[in-house]
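A.B. asks: For the sequence shown, the residue numbers in the working numbering are 2 to 163.
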Amino acid sequence: MHPDPIDLARRLVQGRFPEALAVVLAGSTAAGRATTSSDLDIAVLVGDGGETCRETLRFEGRLAELFIHTRAGLGELFAANVASRRGVLQSMYATGLVLVDVGGEAGRARAQAEADLRNGPPALEPETVEMLTERQGERLPTWLDAVRKDDLPQPPHASRRD
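1. With 16 as the cutoff for other CB atoms within 10 Å, does THR30 come out buried or exposed?
2. Hey, could you find the ends of the alpha helix (DSSP H) THR30 is sitting in?
3. Please state whether the Cβ-Cβ distance between ALA110 and LEU46 is less than 8 Å.
4. Going straight from the alpha carbon of ARG119 to that of GLN91, what length do you get?
5. Between the Cα of GLU61 and those of GLY121, GLU128, ARG11, spot the shortest distance and give me the residue it belongs to.
6. Measuring straight from C-alpha to C-alpha, what distance separates THR87 and ALA95?
7. Could you give the C-beta distance for ALA27 and ALA107, rounded to a whole number, given that I count them as a contact under 8 Å?
8. Count the other C-beta atoms from every protein chain shown that fall within 10 angstroms of the C-beta of HIS70, then say buried if there are 16 or more, exposed otherwise.
9. Would you mind reading off the limits of the beta strand (DSSP E) that contains ASP117?
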């Protein structure tokens, strides 16, 4: 019998990070879709004397990805994710299962993550939009040449011309 992955995550963080301010279990385990081979995706908020880093390890036979942050480090990573138009870390904090919440730290991190996701990334500069549009325009004729009209999906009850 395999151990419950949520209990496994709790044991891992209690042993490795007894002073953690917040711990959030994310990914397939938090979503209830974990299989016996799923890893544990765990975000850990530590005090200001800690280090912001990422660590991969095996705990009781299960692979675990640890995303360890200080408050300042988490703020910097959230800002970098917004600037790069990614929200992976924000999604972890916004939708994950809170395992530890000392003094409301997980709640504050979740609120910031949700706000970032709700607000979305900043608008693209006009020059960037123009460049992306030009790149797509360069690819479009090549794509169109590669597709035959007969290969395109037909609406229901439509007949093909031979």
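We treat Cβ as the ideally placed atom computed from N, Cα and C, and that holds for glycine.
C.D. replies: With the structure as the only source:
1. buried
2. 28–31
3. yes
4. 10 Å
5. ARG11
6. The sequence given here places Arg at residue 87; Thr does not occur at that position. If I take the Cα positions, the gap works out to 14 Å.
7. The pair is not a contact, with the Cβ atoms about 12 Å apart (cut-off 8 Å).
8. buried
9. Taken as a continuous stretch (DSSP letters only), ASP117 belongs to no beta strand (DSSP E), being part of the alpha helix (DSSP H) at 106–120.
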